[in-house]
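Chemist: Heads up, the sequence shown is in my numbering, so the first residue is 13 and it goes up one at a time. Here's a structure for you.
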Amino acid sequence: MATEKYVIALDQGTTSSRAVLINRAGRMVDCVQRPFQQIFPKPGWVEHNPQDILYSQLGSLTELLARRGLTVEDIDSIGIDNQRETTIVWDPTTGQPVYNAIVWQCRRTADLVEQLCGTPEARRMIQEKTGLLPDAYFSASKIRWILDNVPGARERAEAGELLFGTVDTWLVWVLTGGLVHATDVTNASRTMLYNIHEDCWDKDLLNLFGIPESIMPEVRRSSGSFGETSYPGVPAGIPITGVAGDQQAALFGQCCFEPGQAKNTYGTGCFMLMHTGHEARASKSNLVTTIVASAPNVEGTEYALEGSVFVAGALIQWLRDELGIVQNAADTEWMAKSVEDTGGVYIVPAFTGLGAPWWKPDARGAILGITRGTTRNHIARAALEALAYQILDLSDAMAKDAGHPLGVLNVDGGASANSFLMQFQADLLGCELRRPQNTETTSLGAAFLAGLSTGYWSGTDELRALRETDDVFRRQMDPERVDRLVTGWHEAVRRVM
Ligand code: ADP
């Protein structure tokens, strides 16, 4: 009798590594999570030890296999999803990194980026070729920093003695016993060195940043072979057949395979991506254009627009930890429902400036419209509504850039559990909002990519069918009231600008 096989997602996040066991029904059967150390050498600097990333990830994998009594026979394949942009450079002969991983959040190269890409010509070139806006966030300047600051690194890189990778590449290289030095298109598209139209490392950009091409990994499609496991302590011969950066993995895990389909993750901040098909749409509102993970049968490259909201769940945390008017995040749901409306209160959570589409880094937050009758329930409701208004603005900008309206919004992330927030979001957007039962969409996406490649799942139709039990939210609010509320929000935004 054939026993059930599983796909394992290695979910390599910013604060922890997880191994997630997924079955053919697309359910998470088990999961092992291992946190690892965050290193802050100076204000604004963030590093990880690449060995910590590796051992937390391998530890979670071997613990998962051991506790379920699984062998190589039971595992169809491995998919990897990872924190994006984080940069590692290592020596392939010793397997030792030459420096800690410089994490996506790290701001140490902000001045360097300004120096190298500050001119309007450089900005335009980068935006045209990579779809990104020059920023220290992406890998390019982090690689440059390592080559400039680690003694001997530049010479060794130029002699072909070092390798660069984002976290996926590092894990694949180690797991395959040093046989495969490759990344996938989604991770490549976040380095600021990849030409998203021509699908190659861009010579002009490598020159601009002074990075020798020999250290760059080979770029592969997200669903396809990345070798097989060959590392002491890990069962040998498990195929690695899916790789994607976390946000693109989530988009795939949400079954957004077609233009107009979008997902938003309501976490500490929000990450929203909208699939735009084979067309790389350039943004006029400070969104970035990025490559999505595609199913193996899709020809060519597909793209998405991506935007983020800096402060989302963080606003709820602030109400809880700083103002102390909320006991725990989930309470905001009943608090919001206990009042008819916010009584005219708006919160603009521009703690660190206003992001896309406003892009006012100097703006600061405000609570407006308070009266003697304002209660903490009104404030809690205004906070949840603020999350939804920010996503409304972002999705309007995206729809404009994409040239077609938002068809459906798929949601995930911690705050998507809040049904008041989801209903209010659907009221604002006027399109269908879908919350899957399994909101572990990032791991699911990595598993889907891996399992499509091996034939574990037959195709995207089968994946879509796994999602039958969604919660669906549709507009219930009268459109005139929506207009009135949104006008009030934009007035509040105008006032903080
Ligand atoms: P991240 O992955 O960014 O750390 P999560 O996806 O785990 O975040 O989501 C946690 C965030 O969501 C926190 O900021 C928390 O305040 C918020 N949050 C969690 N549950 C709820 C809820 N039921 N209602 C509103 N906000 C919530």
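Note that the Cβ used here is the ideal one computed from N, Cα and C, for glycine as well. The model shown is predicted, which means the values in this text are computed figures rather than measured ones.
In angstroms, rounded to a whole number, what distance separates the CA positions of residue 110 and residue 66?
Modeler: 15 Å
Chemist: At the level of alpha carbons, what is the spacing between residue 14 and residue 293?
Modeler: With a pLDDT of 49 at residue 14, under the threshold of 50, the predicted position of this residue should be treated as unreliable, and no value is reported.
Chemist: The ligand ADP and residue 433: does any heavy atom of the ligand fall closer than 7 Å to the residue's C-beta?
Modeler: yes
Chemist: Is the beta carbon of residue 396 sitting closer than 8 Å to the one on residue 316?
Modeler: Using a Cβ distance threshold of 8 Å, residue 396 and residue 316 do not count as a contacting pair.
Chemist: Within the stretch 348-414, note down every full beta strand (DSSP E) run reaching 3 residues or more, in order along the chain.
Modeler: Runs found: 358-360, 378-380.
Chemist: Does the ligand ADP have a heavy atom nearer than 7 Å to the CB of residue 199?
Modeler: no
Chemist: Comparing alpha-carbon positions, which option in 449, 455, 502, 171 lies nearest residue 44?
Modeler: 455
Chemist: Say whether the stretch 101-110 touches the stretch 172-190, bearing in mind that this needs 3 or more beta-carbon pairs closer than 8 Å, one atom from each stretch.
Modeler: yes
Chemist: Note down the Cα distance separating residue 97 from residue 150, rounded to an integer number of angstroms.
Modeler: 5 Å
Chemist: Measure the C-alpha to C-alpha separation of residue 368 and residue 229 and round it to an integer number of angstroms.
Modeler: Roughly 31 Å separates the two Cα atoms.
Chemist: Confirm the yes/no value for this check: CB of residue 339, any heavy atom of the ligand ADP, distance under 7 Å.
Modeler: no
Chemist: Taking C-alpha atoms, which residue in 352, 52, 457, 424 lies nearest to residue 394?
Modeler: If we check each option's Cα against that of residue 394, 352 comes out closest.
Chemist: Of the choices 362, 347, 444, whose alpha-carbon is the least far from that of residue 430?
Modeler: Nearest option by C-alpha distance: 347.
Chemist: Any heavy atom of the ligand ADP closer than 7 Å to the Cβ of residue 355?
Modeler: No, the ligand ADP has no heavy atom inside 7 Å of this Cβ.
Chemist: What are the partner residues of residue 267, as DSSP defines its beta bridges?
Modeler: Residue 267 pairs with nothing; no bridge assigned.
Chemist: With residue 319 and residue 406 assumed to form a contact (beta carbons below 8 Å), what rounded beta-carbon distance in angstroms separates them?
Modeler: 5 Å
Chemist: So is residue 231 buried or exposed if we call it buried at 16+ other beta carbons inside 10 Å?
Modeler: buried
Chemist: Starting from the Cα of residue 78, find the closest Cα among 189, 245, 19, 36 and give me that residue.
Modeler: Nearest of 189, 245, 19, 36 to residue 78, Cα basis: 245.
Chemist: What number of angstroms, rounded off, separates the C-alpha of residue 269 from the C-alpha of residue 163?
Modeler: Roughly 45 Å between the two C-alpha positions.
Chemist: Answer yes if the stretch 45-63 comes into contact with the stretch 128-142, meaning at least three C-beta pairs across the two stretches below 8 Å, and no otherwise.
Modeler: no
Chemist: Relative to the ligand ADP, is the shortest distance from any of its heavy atoms to the C-beta of residue 345 smaller than 7 Å?
Modeler: In this structure, residue 345 has its CB closer than 7 Å to one or more heavy atoms of the ligand ADP.
Chemist: Determine the extent of the beta strand (DSSP E) in which residue 443 is found, giving its start and end residues.
Modeler: Counting along the chain, residue 443 falls outside any beta strand (DSSP E), and DSSP gives it neither H nor E.
Chemist: Let me know the alpha helix (DSSP H) ranges lying completely inside the stretch 189-232, each 4 residues or longer, listed in chain order.
Modeler: 197-200, 215-221
Chemist: Do residue 20 and residue 33 have their C-beta atoms closer together than 8 Å?
Modeler: yes
Chemist: State the Cα-Cα distance for the pair residue 432 and residue 107, rounded to the nearest angstrom.
Modeler: 50 Å
Chemist: When burial is assigned at 16 or more other CB atoms within 10 Å of the CB, is residue 130 buried or exposed?
Modeler: exposed
Chemist: Less than 7 Å separating the Cβ of residue 326 from some heavy atom of the ligand ADP?
Modeler: yes
Chemist: Where does residue 241 land, buried or exposed, given buried means 16+ other C-beta within 10 angstroms?
Modeler: buried
Chemist: On the three-state DSSP scale, how would you describe residue 282?
Modeler: DSSP, read as helix, strand or coil, puts residue 282 in strand.
Chemist: Which same chain residues, not among the five before or five after residue 211, have their C-beta less than 8 Å away from its C-beta?
Modeler: 197, 231, 313
Chemist: Per the contact definition of three or more C-beta pairs closer than 8 Å, is the stretch 80-96 in contact with the stretch 250-264?
Modeler: yes
Chemist: Could you tell me if the beta carbon of residue 409 falls within a distance shorter than 7 Å of some heavy atom in the ligand ADP?
Modeler: No - the ligand ADP has no heavy atom lying nearer than 7 Å to the Cβ of residue 409.
Chemist: What is the DSSP secondary structure of residue 160, reduced to helix, strand or coil?
Modeler: helix
Chemist: Alpha carbon to alpha carbon, what distance is there between residue 473 and residue 288?
Modeler: 19 Å
Chemist: Measuring straight from C-alpha to C-alpha, what distance separates residue 46 and residue 183?
Modeler: When the Cα atoms are used, residue 46 and residue 183 turn out to be separated by approximately 15 Å.
Chemist: If you measure between the beta carbons of residue 438 and residue 487, is that distance less than 8 Å?
Modeler: Cβ atoms of residue 438 and residue 487: closer than 8 Å.
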